[in-house]
Amino acid sequence: MLKLARRQLFAFGIPAAFAFLAPLILVLASLAALWSMAVPDTGGDAAGGGFPFAVLDDIYVRRAISFTLMQAALSAILSTLLALPLARALASRDFFGKTAILSLFGAPFILPVIVAILGLLAVWGKTGPVHGLVTGLGYGDFSIYGLSGILLAHVFFNLPLACRILLQGWLAIPPEQWRLATQLGMGSGAIARHIEWPMLKERLPGVFAIVFLLCATSFTVVLALGGGPKATTIELAIYQAIRYDFDLQRAALLAFLQILLCAGLALVSRLIARDHDTGDSLGGAVPRGDRSSRLARSFDGAVITLALIFLALPLLAAFIRGMQGLLAYDLEISALLPATARSIAVALGSCAVMGLISLPLAQLSIHLKGKTKRLVELPGFAIMVAPPIALGAGLFILLNQHIPIDRLALPLTALLNGLQAVPFALILIGPAMGQIKRDHGRQIQQLGMSRSTAIRLVHWPLMRKPIGLSLGITAALSIGDLGVIALFGSPTAPTLPLYLYQQMGAYRMDQAYGSGLLLTAVAFAFFLLFDKGLAGRDQT
Amino acid sequence: MIRLDHLFIALDDWQMTISLEVAAGSFCALIGPSGAGKSTILNAIAGFLPHGGGQLFIDGRDMAPLAPADRPVSMLFQEHNLFNHMTVEQNVGLGVDPSLKLGKTEWLRVEEALAQVGLDGMGKRLPRALSGGQRQRASLARAILRKRPVLLLDEPFAALGPALRKGMLQLVRDLAAQNGQTIIMVTHHPDDARLAADQVALVQDGTIAQVGKADAFFANPSDALKAYLG
């Protein structure tokens with residue numbers, strides 16, 4: 000028995016302890032570094048005047064905080080409000096190509112953010128068709144840079160997400176309720192009040208919270224479309240303090256604030272949101288009779304068409320201008336190839352980090368019960384409340400005194416990207432692992448399968464799908480990352496997204512679109528490689 | 000013989016103490032309301048739950064120190080007896096070697112076992128290509144190959160129609176008689192107990208409320224049994 004226990008410790012306990020402690024230690028060390036930098040030891044309160052209050056005196060910091068909250072709130076409100084009619088329309092109608100549209104809704108997740116921004120620029124920018132139309136009709140000038148552009152991009156990214164969650168809600172209403180509504184002769188108003196509103200009341204706060212959280216920590220969008228004193232978020236201010244001003248104290252203060260803000264937001268959203276599956280079974284339509292009039296049908300059709308145009312046009316534009324860019328200009332192979340290689344190396348590193356943390360954590364959580372089970376969620380929570388830029392700022396301060404930081408740029412990016420993917424991976428891997436234990440745990444014990452046999456015969460065949468998907472998402476997110484790498488990266492050895500951003504900065508837009516297409520291709524290739532390659536044929 | 004002597008089983012928020020004797024080679028049915036702890040008794044005998052006190056003997060051997068795989072027990076669950084990603088013959092082959100490294104003669108034994116339960120020629124199929132009854136037959140074939148003296152049935156036929164269920168019960172009885180196995184079966188249907196069991200026990204509120212030979216059990220119902228049967 001003792002021998003068995005010891006073997007189990009090595010096979011199971013040590014990876015689990017590592018996976019549990021590593022993220023926590025990293026976050027805590029980073030927080031400690033931020034704290035010591037933000038509040039220099041002045042021997043008393045003579046100079047400081049107390050940490051939180053002194054910071055709030057800084058107009059620059061105050062602006063960053065209020066802009067962060069304001070744009071996140073507006074983005075969340077807009078995304079949620081626009082998702083309402085769209086989800087209702089998609090729920091009420093079944094038509095050819097609906098599944099294709101719904102998979103398109105998943106695309107912004109894999110698509111590198113900076114490429115989507117290129118697409119938005121092509122459609123909504125100064126030289127794009129919308130700008131031409133609006134100014135041509137004499138409705139005055141508008142710019143995609145600043146608050147309006149940030150909101151536009153955030154709605155572009157989050158409308159599909161919000162819509163999927165709400166659509167799931169509509170489809171989760173039991174068919175009996177719709178039949179009952181028909182039988183009782185309920186009109187649209189009564190249906191909205193008695194059937195739809197109770198569902199929405201449960202889901203809307205969660206949708207709002209998740210979009211708010213995503214927008215409050217969104218970096219790339221603000222980097223590309225914001226900036227300047229009027230449109231700077233805390234994340235961007237951290238980046239600017241480190242890269243431009245090398246004001247580490249301000250960076251540390253801001254990063255500390257950002258983590259506090261995220262922790263608060265995460266706690267609030269925990270309290271108001273419930274777990275909802277955004278599962279892929281989004282087919283079919285609800286059987287309702289109240290929306291069969293021609294007016295309702297054309298309204299739904301118009302909503303779906305507009306959303307499709309809004310979401311697909313930028314993707315299409317990015318693709319076309321990317322092809323033009325690749326064909327019309329000589330490819331700078333000597334720069335593109337090494338940048339691509341760096342991105343791939345970072346992605347593979349992220350995948351390794353994600354796997355090393357997620358798999359043991361998922362295993363740990365299914366073997367524990369009750370309160371200790373909640374404890375296992377701590378590392379994932381720590382990762383969620385310490386956004387990569389803030390965490391990166393802490394590591395920067397921690398390591399900067401010892402090592403030239405750009406030498407560590409790629410490993411650090413891989414580490415932080417990998418950690419970022421852990422919460423997603425846990426959502427995918429955890430339930431699958433739990434289900435194996437529930438369905439087959441006793442069978443495995445009864446048959447006396449050894450650990451390695453159980454992995455070979457049961458766990459691997461049943462887990463390769465979620466593991467493949469997790470690795471695919473991790474690789475795609477990491478290849479497209481323009482957050483951590485912007486903070487650490489050296490201009491002379493950029494990854495592909497950083498190289499693209501340099502091209503944008505140098506106003507070589509056509510080349511940038513070309514690089515964007517290449518970047519998208521690489522990200523999708525790795526996503527498919529892991530998701531389809533590893534997952535294999537569906538055997539169950 | 001299976002002997003539970005004040006076996007104490009504690010779950011998260013409730014507990015039960017069970018004493019029960021089942022003669023070797025006989026068929027014992029556990030009936031009773033859902034939530035009474037019928038399945039829990041089987042899980043404890045199979046070794047999936049830690050013993051909290053009391054004793055469990057099978058053929059004179061104390062079971063407490065034995066892991067599930069080392070106990071002389073095969074258990075059939077209500078569902079998930081088969082791995083859906085493995086073929087039927089692979090699933091059955093696990094009964095010969097849990098790491099599925101089988102030689103030619105072993106595969107022949109798998110085929111024989113499949114023939115015994117009436118699944119000849121279906122070995123290459125995946126479980127989803129079988130009907131519910133066929134899937135439970137395949138699990139039974141695996142139990143045959145494991146050759147354990149005790150067979151525990153946790154309502155494996157509950158989802159089948161009445162005729163199919165009767166047929167399966169007959170098959171289980173015949174196979175057990177051939178191999179000299181002792182059976183304990185949990186069931187929701189008192190008729191199943193009347194049909195197949197030598198001995199019947201009523202499980203209620205975490206204890207055995209009435210136990211006896213099948214005929215006598217139903218002929219002289221206690222108040223608890225009257226209340227349960229309605």
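Chains as they are written, first to last, in numbering that gives the first Met the number 0: chain Y, 0 to 539; chain G, 0 to 229. Positions of the beta carbon are idealized from the N, C-alpha and C atoms, including for glycine.
Open item on the list: Just checking: is the beta-carbon of S449/Y within a distance shorter than 9 Å of some beta-carbon in chain G?
Closed with: Locating residue 449/Y in the first sequence gives position 450, where the first residue counts as 1. At a cut-off of 9 Å between beta carbons, S449/Y contacts chain G.
Task: Contact between the region 186-196 of chain Y and the region 94-111 of chain Y (3+ Cβ pairs under 8 Å) - done: Segments in contact, no.
TODO: Go ahead and pull the three-state DSSP assignment for Y227/G.
DONE: Position 228 of the second sequence, counted from the first residue, corresponds to residue 227/G. Three-state DSSP puts Y227/G in a helix.
Task: For D438/Y, the three-state DSSP class (helix, strand or coil) - done: As a working mapping, residue 438/Y is identified with position 439 in the first sequence. Three-state result, D438/Y: helix.
TODO: Please go through the same chain and pick out, in chain order, the residues whose beta-carbon is closer than 8 Å to the beta-carbon of F133/G, but skip the five residues on each side of it.
DONE: In the second sequence, counting from the first residue as 1, residue 133/G sits at position 134. Before going on, a small fix: residue 133/G reads as Gln here, not Phe. Closer than 8 Å at the Cβ level, and outside the excluded window around Q133/G, lie L118, M121.
Task: chain G contact residues for P465/Y, given Cβ-Cβ distances below 9 Å - done: Residue mapping note: residue 465/Y aligns to position 466 of the first sequence, counting from 1. Around P465/Y, no beta-carbon contact reaches into chain G at under 9 Å, the shortest distance being about 14 Å.
Open item on the list: Restricting to Cα atoms, I'd like to know which of V206/Y, Q176/Y, G139/Y is closest to R541/Y.
Closed with: The displayed coordinates of chain Y run from 0 to 539. Any statement about residue 541/Y would go beyond what the structure contains.
- [ ] If I'm right that L446/Y touches L93/G with Cβ under 8 Å, what's the distance once you round it to whole angstroms?
- [x] Numbered from 1 along the first sequence, position 447 holds the residue referred to as residue 446/Y. Numbered from 1 along the second sequence, position 94 holds the residue referred to as residue 93/G. Cβ-Cβ separation between L446/Y and L93/G: approximately 5 Å, consistent with a contact (criterion under 8 Å).
Task: Sequence-distant residues of the same chain with beta carbon closer than 8 Å to A72/Y, five excluded per side - done: Taking the first sequence and counting its residues from 1, one reaches residue 72/Y at position 73. For A72/Y, where only same-chain residues beyond five positions count, the Cβ hits under 8 Å are F211.
TODO: Identify every run of the beta strand (DSSP E) within the region 50-124 of chain G, keeping only runs that are complete inside it and at least 3 residues long; order them along the chain.
DONE: The region 50-124 of chain G contains, as complete beta strand (DSSP E) runs of 3+ residues, the segments 54-57, 72-75 (chain order).
Task: Proximal residues to L397/Y (C-beta, below 6 Å), its chain only, five neighbours per side dropped - done: Residue mapping note: residue 397/Y aligns to position 398 of the first sequence, counting from 1. Apart from sequence neighbours up to five positions away, the residues of its chain that approach L397/Y with a beta-carbon distance below 6 Å are A32, ordered along the chain.
Open item on the list: If you measure between the beta carbons of A230/Y and Y328/Y, is that distance less than 9 Å?
Closed with: Here residue 230/Y refers to the residue found at position 231 of the first sequence. Here residue 328/Y refers to the residue found at position 329 of the first sequence. Here A230/Y is not near Y328/Y, since their CB atoms are 9 Å or more apart.
Task: N-terminal and C-terminal residue of the beta strand (DSSP E) that F7/G is part of - done: Here residue 7/G refers to the residue found at position 8 of the second sequence. Element bounds for F7/G: 1-9.
TODO: Name, in chain order, the residues that DSSP records as bridge partners for I17/G.
DONE: For the purposes of this step, residue 17/G is identified with residue 18 of the second sequence, where counting begins at 1. As computed with DSSP, I17/G is found in a beta bridge with L6/G.
- [ ] Could you check if W196/Y is buried or exposed, using at least 16 other CB atoms within 10 Å of its CB as the buried criterion?
- [x] Taking the first residue of the first sequence as 1, we reach residue 196/Y at position 197. In the assembly as shown, W196/Y is an exposed residue. Its beta-carbon has fewer than 16 other beta-carbons within 10 Å.
Task: F26/G - partner residues in DSSP beta bridges - done: One-based indexing of the second sequence puts residue 26/G at position 27. Looking at the DSSP assignment, F26/G forms a beta bridge with I182/G.
Task: Whether A231/G touches A28/G by CB criterion (9 Å) - done: The first residue shown for chain G is 0 and the last is 229, placing residue 231/G beyond what the model contains.
Open item on the list: Quick test of your reading: V114/Y and G515/Y, contact by CB under 8 Å. State the CB separation rounded to the nearest angstrom.
Closed with: For the purposes of this step, residue 114/Y is identified with residue 115 of the first sequence, where counting begins at 1. For the purposes of this step, residue 515/Y is identified with residue 516 of the first sequence, where counting begins at 1. Yes, V114/Y and G515/Y are in contact; Cβ-Cβ is about 4 Å, under 8 Å.
Open item on the list: Whole angstroms are fine: how far does the CA of A351/Y sit from the CA of S78/Y?
Closed with: In the first sequence, counting from the first residue as 1, residue 78/Y sits at position 79. In the first sequence, counting from the first residue as 1, residue 351/Y sits at position 352. Per the coordinates, the alpha-carbon of S78/Y lies some 34 Å from the alpha-carbon of A351/Y.
Open item on the list: Using a Cβ-Cβ cutoff of less than 6 Å, which residues in the same chain neighbour T16/G once the five nearest sequence positions on both sides are dropped?
Closed with: One-based indexing of the second sequence puts residue 16/G at position 17. Result list for T16/G: H5, F7, in chain order.
- [ ] Decide if A301/Y is buried, meaning its Cβ has at least 16 other Cβ atoms within 10 Å, or exposed.
- [x] Start at 1 with the first residue of the first sequence, and residue 301/Y comes out as number 302. Exposed is the label assigned to A301/Y, since fewer than 16 other Cβ atoms lie within 10 Å of its Cβ.
- [ ] Please report how far the alpha carbon of P337/Y lies from the alpha carbon of T494/Y, in whole angstroms.
- [x] Along the first sequence, read from residue 1 onward, the residue named residue 337/Y stands at position 338. Along the first sequence, read from residue 1 onward, the residue named residue 494/Y stands at position 495. So the two alpha carbons sit approximately 8 Å from each other.
TODO: Return no unless some Cβ of chain G is closer than 9 Å to the Cβ of L533/Y.
DONE: For the purposes of this step, residue 533/Y is identified with residue 534 of the first sequence, where counting begins at 1. Chain G, which has no Cβ nearer than 9 Å to the Cβ of L533/Y, makes this no.
Open item on the list: Just to confirm before moving on: does the CB-CB distance between G51/G and R70/G stay below 9 Å?
Closed with: By one-based count along the second sequence, residue 51/G stands at place 52. By one-based count along the second sequence, residue 70/G stands at place 71. R70/G is positioned such that its CB atom lies no closer than 9 Å to that of G51/G.
Task: Any chain Y beta carbon closer than 9 Å to G46/G - done: Position 47 of the second sequence, counted from the first residue, corresponds to residue 46/G. G46/G has a beta carbon lying within less than 9 Å of a beta carbon in chain Y.
TODO: Pick out whichever of F95/Y, Y512/Y, P286/Y, A250/Y has its Cα sitting closest to the Cα of T181/Y.
DONE: Looking up residue 181/Y in the first sequence gives position 182. Out of F95/Y, Y512/Y, P286/Y, A250/Y, P286/Y has the C-alpha closest to the C-alpha of T181/Y.
- [ ] Please report the Cβ distance between G479/Y and L314/Y, rounded to the nearest whole angstrom; I am assuming they are in contact, meaning their Cβ atoms lie under 8 Å.
- [x] Position 480 of the first sequence, counting from 1, holds the residue named residue 479/Y. Position 315 of the first sequence, counting from 1, holds the residue named residue 314/Y. Contact between G479/Y and L314/Y fails: their C-beta atoms lie close to 14 Å from each other, not under 8 Å.
Task: 3 or more residues per run - each beta strand (DSSP E) lying fully within the region 165-242 of chain Y - done: Those beta strand (DSSP E) runs which fall completely within the region 165-242 of chain Y and span 3+ residues do not exist here.
Task: Host beta strand (DSSP E) of A208/G (start-end) - done: In the second sequence, counting from the first residue as 1, residue 208/G sits at position 209. 206-212 is the extent of the beta strand (DSSP E) around A208/G.
Task: Where F395/Y falls, given that 16 or more other Cβ within 10 Å makes a residue buried - done: Position 396 of the first sequence holds residue 395/Y. It counts as buried.
Open item on the list: By the 9 Å beta-carbon criterion, what residues does the region 145-175 of chain G contribute toward chain Y?
Closed with: Along the region 145-175 of chain G, going in chain order, the ones with a CB nearer than 9 Å to a CB of chain Y are R145.
- [ ] Would you please verify whether the beta carbon of T452/Y is less than 9 Å from any beta carbon of chain G?
- [x] The residue given as residue 452/Y occupies position 453 in the first sequence. Answer yes: the Cβ-Cβ gap between T452/Y and chain G drops below 9 Å somewhere.
Task: Residue range of the unbroken beta strand (DSSP E) whose run includes V199/G - done: As a first step, residue 199/G must be located in the second sequence, where it is residue number 200. Per DSSP, V199/G is one residue of the beta strand (DSSP E) stretching across 198-203.
Open item on the list: For a cutoff of 9 Å on Cβ pairs, would you count V87/G as touching chain Y?
Closed with: Against the second sequence, residue 87/G aligns to sequence position 88. By the rule that beta-carbons nearer than 9 Å mark a contact, V87/G does not touch chain Y.
- [ ] Could you tell me which chain G residues have their CB closer than 7 Å to the CB of P460/Y, listed as they occur along the chain?
- [x] Locating residue 460/Y in the first sequence gives position 461, counting from the first residue. Neighbours of P460/Y in chain G, taken as residues whose beta carbon is under 7 Å from its own, are H84 in chain order.
TODO: Kindly indicate which residue of A152/Y, Q167/Y, I454/Y, A392/Y has the alpha-carbon position closest to the one of G482/Y.
DONE: On the first sequence, position 483 is the one that residue 482/Y refers to. Among A152/Y, Q167/Y, I454/Y, A392/Y, the Cα nearest to that of G482/Y is on A392/Y.
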